[in-house]
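Enquirer: Chains as they are written, first to last, in the working numbering: chain B, 6 to 315; chain P, 1032 to 1393.
Cβ coordinates follow ideal geometry from the N, Cα and C atoms, glycine included.
The structure presented is a predicted model; accordingly, all values stated were derived computationally and were not measured.
(1) Closer than 8 Å, CB to CB, is residue 1351 of chain P near chain B or not?
(2) Rank P:1268, P:1304, P:1330, P:1050 by C-alpha distance to the C-alpha of residue 1287 of chain P and give the top, closest one.
(3) For residue 111 of chain B, which residues of its own chain have a beta-carbon under 7 Å away from its beta-carbon, when the five flanking residues on both sides are left out?
(4) What in chain B is Cβ-close to residue 1136 of chain P, meaning under 8 Å?
(5) Under a CB-based cut-off of 8 Å, is residue 1219 of chain P close to chain B?
(6) How many Å lie between residue 1050 of chain P and residue 1102 of chain P at the Cα?
(7) Residue 211 of chain B versus chain P: which residues are under 7 Å apart at the beta carbon?
(8) Does at least one heavy atom of the ligand MG sit under 7 Å from the Cβ of residue 148 of chain B?
(9) Does any CB atom of chain B fall closer than 8 Å to the CB of residue 1123 of chain P?
(10) Of the choices P:1181, P:1166, P:1217, P:1146, whose alpha-carbon is the least far from that of residue 1192 of chain P?
(11) Apply the 10 Å Cβ neighbour rule to residue 309 of chain B and answer buried if 16 or more other Cβ atoms are within range, or exposed otherwise.
(12) Within the same chain, show all residues whose beta-carbon is closer than 6 Å to that of residue 237 of chain B, passing over the 5 residues directly before and after it, in chain order.
(13) Check the DSSP bridge columns for residue 1109 of chain P and list the partner residues they point to.
(14) Mind checking whether residue 1255 of chain P and residue 1292 of chain P have CB atoms under 8 Å apart?
(15) How about the stretch 1062 to 1076 of chain P and the stretch 1243 to 1255 of chain P: do they share at least three Cβ pairs that are nearer than 8 Å?
(16) Does chain B have any CB closer than 8 Å to the CB of residue 1166 of chain P?
(17) Could you tell me which whole alpha helix (DSSP H) segments of length 4 or greater appear in the stretch 1039 to 1102 of chain P?
(18) Can you check whether the CB of residue 1261 of chain P is closer than 8 Å to the CB of residue 1277 of chain P?
(19) Between which two residues does the alpha helix (DSSP H) harbouring residue 52 of chain B extend?
(20) Going by beta carbon distance, what residues of the same chain come within less than 7 Å of residue 317 of chain B, once the five residues before and after it are set aside?
(21) Which bits of chain B does residue 1205 of chain P rub up against, with CB to CB less than 9 Å?
(22) Hey, out of B:227, B:102, B:226, B:125, whose CA is closest to residue 187 of chain B's CA?
(23) Have a look at B:148, B:289, B:211 and flag the residue whose alpha-carbon is nearest the alpha-carbon of residue 252 of chain B.
(24) Please confirm whether residue 281 of chain B has its beta-carbon closer than 8 Å to some beta-carbon of chain P.
(25) Does any residue of chain P have a CB that is nearer than 8 Å to the CB of residue 218 of chain B?
(26) Just list the alpha helix (DSSP H) runs in the stretch 1311 to 1372 of chain P, keeping only unbroken ones of 4 residues or longer that don't cross its boundaries, in chain order.
(27) I need the boundaries of the alpha helix (DSSP H) containing residue 112 of chain B, first residue and last residue.
(28) Compare the C-beta of residue 230 of chain B against all C-beta atoms of chain P and say whether one is closer than 8 Å.
(29) Could you confirm whether any beta carbon from chain B is found closer than 8 Å to the beta carbon of residue 1144 of chain P?
(30) Kindly indicate the opening and closing residues of the alpha helix (DSSP H) around residue 1270 of chain P.
(31) Which whole-angstrom value describes the C-beta separation of residue 1105 of chain P and residue 1048 of chain P, a residue pair presumed to lie in contact below a C-beta threshold of 8 Å?
(32) For the stretch 79 to 99 of chain B, which residues have a CB atom closer than 8 Å to at least one CB atom of chain P, in sequence order?
(33) Run through the DSSP bridge pairs and tell me what residue 244 of chain B is partnered with.
(34) Tell me the residue span of the alpha helix (DSSP H) that contains residue 1240 of chain P.
(35) Between which two residues does the alpha helix (DSSP H) harbouring residue 168 of chain B extend?
(36) If you follow the beta strand (DSSP E) that residue 1249 of chain P is part of, which residue opens it and which one closes it?
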């Protein structure tokens, strides 16, 4: 974490100030707009991150244009084709009741991205809010919040998921709820530690001296400085949430058929691994590539956002 | 602009017998011990002292900026209202709006992720409810006022793109955005190059006249004080030791500590072979303060054993209208100047040097 240092790389800063160094080249200085360009420049240099980004873009496009990409409906059964391997009509083959696996995998991107993004957003909001309060105010409030996170850490989320699913019923929303409300612990701790160190800084004291409210100081002055690890963690978290969703589906507490959830498809195909491996391979591959894409992008962001790692 | 001397104008801030302490694991630190003073509109009031003398704590307590400080006694009257009795919300409105603070290190006091213009504009948005656009216009005006060239372009830059002097100007611009009545400048030039210091101070004083406010200048730099201050208060170990006009403090000082501070500085008319006279020893611990006058272990004039190590000297009027000193023997210091002090020390130092070598031989 850079704290008092500028968030940008020292390299561009030097380039910008070197020629002339006087007041006259204000325009040059302004042209060398730092942060965003600089981050993108460093991100581009990381091949894996670019592969991840390409995959992510592909995924998002697939989710948006699923209606045009998928050749069949996800519920239509082809009564002549049960558990057939990949062919010209069914690229990824058909499942046990004759549905097109390719179409189901394509529509599955929607389910996975929805769960990944929604659950991570819930986790981010809770984690940010509690972490910020704990780190900023300290004292009793901090102790209280940290003990609550400890308690949550001690509860296995899968057990919690089974319990909640049995009460609320199995659905995509239940999965989002469970993963969102169990996923905020890491973010809470990261935010808390950032706030703990940042609130000591002089510009926070200065903000107090200028008469700003605590709320404004927390979210306008401290939070932007604590954003780097949150962005990185959030990106990787989307991947891990998608993986958890697969795990839940596999255990039978995720969404129910006919929802085209990848984890559910893997689960349904597991008993037929020997006869029809394509039922397991394609949705499994989709999960694998999606999670990998988020992790690569997250790693790339971490390197790009932190000039100290260079 | 009025022609009246500042001291006869409206009293902005009146501190009465302020006592503030920290509680640490080692004991209670009396950071501010019975301090009283007035600041008038249009006046530069300097608080001088070495590190740990309580000057910053005094200033920060005015704004209520240090949560760990407990105020035991006293009043901080701001335009007649005691700040210590106000609610946090009421104090927050006074901070920045009526009393603004300029910090020592402008790099760390500016937020690295926001543009300078946005940070200055934020003051106007918070305290005057201006919109985004108007706030930016105001920020550019303010940057212009503190003498930053091409203010419009500069306002869009981040603090790290500014030089040290420009950052401090930006800090000043931020502090004066809402035309406060009092500016508290905590060592405003310490982090700057000597060449830039003068410019920044000039800006500060120019601004003071422009918005007709008062300034509390906290510093250990006597050069800065001599050039700018109207009134000077010298602090030692949490107490006021001397207070008076700048002339009184610099030319007719009635306290051994002030004299010591002055004698320890080189002067422009020195020829090069004059000795600098240090104040020997180290500042006392505020947890275990020496008995009597806190300065007596380091004092060249102390009568020990006697009054100096038994009785805490009170701040009392020693000359003129308002020249006060907290020394039992203030009257005997009349006629003692930096020159006589230097001369006397030259001899005695020689004597002790001889004695030292004699002892070493034996």
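Expert: Working from what's here:
(1) no
(2) Checked all of P:1268, P:1304, P:1330, P:1050; the closest Cα to residue 1287 of chain P is P:1330.
(3) 67, 71, 74, 75
(4) 207
(5) no
(6) 6 Å
(7) By Cβ distance, chain P contributes 1134, 1140.
(8) Of ligands this structure carries none, so the ligand MG is not represented either.
(9) yes
(10) P:1146
(11) buried
(12) 303, 306, 307
(13) The partner list for residue 1109 of chain P (beta bridge, DSSP) reads P:1044, P:1112.
(14) No, these two residues do not count as a Cβ contact at 8 Å.
(15) yes
(16) Not an interface residue.
(17) Listed in chain order, they are 1086 to 1094.
(18) Cβ distance < 8 Å, so residue 1277 of chain P and residue 1261 of chain P count as in contact.
(19) 52 to 69
(20) In the structure as shown, chain B starts at 6 and stops at 315, and residue 317 of chain B therefore has no counterpart that could be examined.
(21) 211, 215
(22) Checked all of B:227, B:102, B:226, B:125; the closest Cα to residue 187 of chain B is B:125.
(23) B:289
(24) no
(25) Yes, contact with chain P.
(26) none
(27) 106 to 142
(28) yes
(29) yes
(30) No alpha helix (DSSP H) contains residue 1270 of chain P, which is instead part of the beta strand (DSSP E) from 1270 to 1276.
(31) 4 Å
(32) none
(33) Bridge partners of residue 244 of chain B: none, in fact.
(34) Under the DSSP assignment, residue 1240 of chain P falls in the alpha helix (DSSP H) whose first and last residues are 1225 to 1242.
(35) 162 to 173
(36) 1245 to 1250
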